[in-house]
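Trainee:
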Amino acid sequence: EQTGGTVQSVLNRMNTNENPPTHNKTNKFTQGFQNIIDAYGVATYREINPTPYTIITFPFLFAVMFGDAGHGLIMLLFALWMVLKEKTLKDKWKNVEIWTIFFGGRYIILLMALFSIYTGMLYNDVFSKSLNIFGSSWRVGFSDKYMNDSETVTLEPTPYNYSNKDYVQMYSGIPYPFGLDPIWQLSENKIVFTNSMKMKFAIIIGILQMAFGVTLSLWNHLHFNHQYAIFAEFLPQIIFLACIFFYLILLIFYKWLHFDGSSAYRAPSLLIPHGLPWALPIVIGTHG
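According to the UniProt record's numbering, the sequence shown is numbered sequentially starting from 1.
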C-alpha cells in the first residue's frame with residue numbers, strides 16, 4: 001500500500017543458525033573512527049561497538065606520543081579548514097587517494113590536533129622549543145668564574161640544605177605550574193629525560209586502554225552467557241596483564257613517589273625487573 005503497487009508482498013520465514021549482519025549507525029563525525037575499528041575487525045551481531053570509546057582514546061594516545069603544540073596547531077588549522085569547508089571540498093579530488101584519506105579522517109585529525117596541543121603544553125614543547133611562561137623554578141647557584149671554567153654543570157635538585165653550610169639552593173621546591181619546567185631546554189639529558197617521561201605516560205595510558213578493552217569483552221561474555229569464555233579467555237588475559245603490565249605501572253608510580261632529589265641517584269631501573277626473567281636463561285647459557 002505504501003508503494004502504490006497492486007501485487008501483494010510474499011514473505012517467507014527461513015530458519016537459520018547464521019548470525020545477522022552487523023550494522024553500526026554512523027555520521028560524518030563517527031564514520032572515520034568506525035572505519036578504524038572495522039579495519040581491525042567488525043563486531044558480531046549485538047556485541048559492544050568500541051567506536052564511541054575510541055573517539056577519545058585513539059587521538060589522545062596519539063597525542064601522548066606526538067606531544068608538540070606547534071605542530072599540533074598546524075594540524076588544527078588544516079583540520080578546521082577541511083571541517084568548515086567540507087560541503088565544498090567533499091566533491092573535489094575524489095580520485096586522489098591521499099586526499100580522500102585525509103578528508104575522511106578530518107574529525108580524527110581535529111581531535112588529534114587538539115590533544116597534541118594539550119600534551120605539547122604539558123611537555124612544554126612548541127616546535128621543539130620551550131616556553132618560559134611562568135618563570136622557571138630553578139636558579140643557577142654557581143659563580144660566573146665557575147661557569148666559564150666548566151663545560152657542563154649539574155644543578156642541585158634538593159630544595160633544602162642537607163650537605164654543608166656553603167650549600168646554595170637552586171630549586172625552589174615549587175614545581176612549574178603547568179607542564180615541564182623550561183630549564184630542561186638547556187639540559188644535555190633533555191632527550192633522555194623527556195623520552196623516558198613520554199614513554200611512561202604512553203605505557204600507563206596504553207595498558208589502561210588494553211585493560212578497558214578486555215573489560216568490554218567481559219560484558220560481551222556476560223551478555224551472551226558464555227561462561228566458558230570468562231574462564232578460558234577473560235581471566236587468563238586479565239591475569240597476564242596484571243602480572244606483567246599492571247605490575248609495571250605500580251613500579252612506575254612507586255619510583256615517582258618514593259624517590260626525591262636527595263635519593264634520585266639510588267632509583268632502580270624499571271627495565272631490570274621485567275628483563276631479568278627472560279635474560280636469566282641467556283646469562284646462564286653463556287657462562288655455563
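Note that CB positions come from ideal geometry on N, CA and C, so glycine has one too.
#1: By the 10 Å Cβ neighbour count, where 16 or more other Cβ atoms means buried, how is R139 classified, buried or exposed?
#2: Since K129 sits in a beta bridge, which residues does DSSP pair it with?
#3: In whole angstroms, what separates the C-alpha of R106 from that of D144?
#4: Who are the Cβ neighbours of S136 in its own chain at under 8 Å, not counting the five residues just before and after it?
#5: For a quick check, are the C-beta atoms of residue 294 and L218 less than 8 Å apart?
#6: For G32, which of G179, I74, F102, I239 has the nearest alpha-carbon?
#7: How many Å lie between L250 and M121 at the Cα?
#8: Do P50 and Y216 count as a contact pair if the criterion is CB distance below 8 Å?
#9: CA-CA distance, A69 and V192?
#10: Mind checking who Y171 pairs with in its DSSP beta bridge?
#11: Spatial neighbours of residue 334 within its chain, please: CB distance less than 8 Å, with the 5 preceding and 5 following residues excluded, ordered by chain position.
#12: So, does the region 34-42 touch the region 114-128, judging by three or more C-beta pairs under 8 Å?
#13: So the candidates are F224, M197, P52, T6; which of them puts its Cα closest to the Cα of I108?
#14: Could you tell me whether any Cβ in chain C is nearer than 8 Å to the Cβ of L241?
#15: Where does E156 sit, in a helix, a strand or coil, going by DSSP?
#16: State the start and end residues of the unbroken alpha helix (DSSP H) segment that holds G72.
#17: With the cut-off set at 8 Å, would you say T194 and Y123 are in Cβ contact?
#18: Helix, strand or coil for Y106 per DSSP?
#19: Looking only at its own chain, which residues have a Cβ that is under 7 Å from the Cβ of A211, when we skip the five neighbours before and after it?
#20: Who are the Cβ neighbours of I204 in its own chain at under 8 Å, not counting the five residues just before and after it?
#21: Taking Cβ positions, are Q169 and T57 nearer each other than 8 Å?
#22: Determine whether the beta carbon atoms of M65 and K198 lie at a separation below 8 Å.
Mentor: By the coordinates alone:
#1: exposed
#2: V126
#3: 53 Å
#4: Y176, D181, P182, I183
#5: Only positions 1 to 288 of the chain appear in the structure, and residue 294 is not among them; the question remains open.
#6: For G32, the nearest C-alpha among the options comes from F102.
#7: Each residue's Cα considered, the two are about 26 Å apart.
#8: It should be noted that the sequence gives Leu, not Tyr, for residue 216. Yes. Within cutoff.
#9: 20 Å
#10: W138
#11: Beyond the ends of the chain as shown, which are 1 and 288, falls residue 334; an answer cannot be given.
#12: no
#13: Shortest Cα-Cα distance from I108 to any of F224, M197, P52, T6 involves P52.
#14: Of the protein chains in the structure, only one exists, and it is not chain C.
#15: coil
#16: Where G72 is concerned, the enclosing alpha helix (DSSP H) stretches over 69-84.
#17: yes
#18: With the sequence shown as reference, residue 106 is identified as Arg, and Tyr is not the correct amino acid for it. When secondary structure is reduced to three states using DSSP, R106 falls in the helix class.
#19: L241
#20: I249, I252
#21: no
#22: Yes, the pair counts as a contact, with Cβ atoms nearer than the cut-off.
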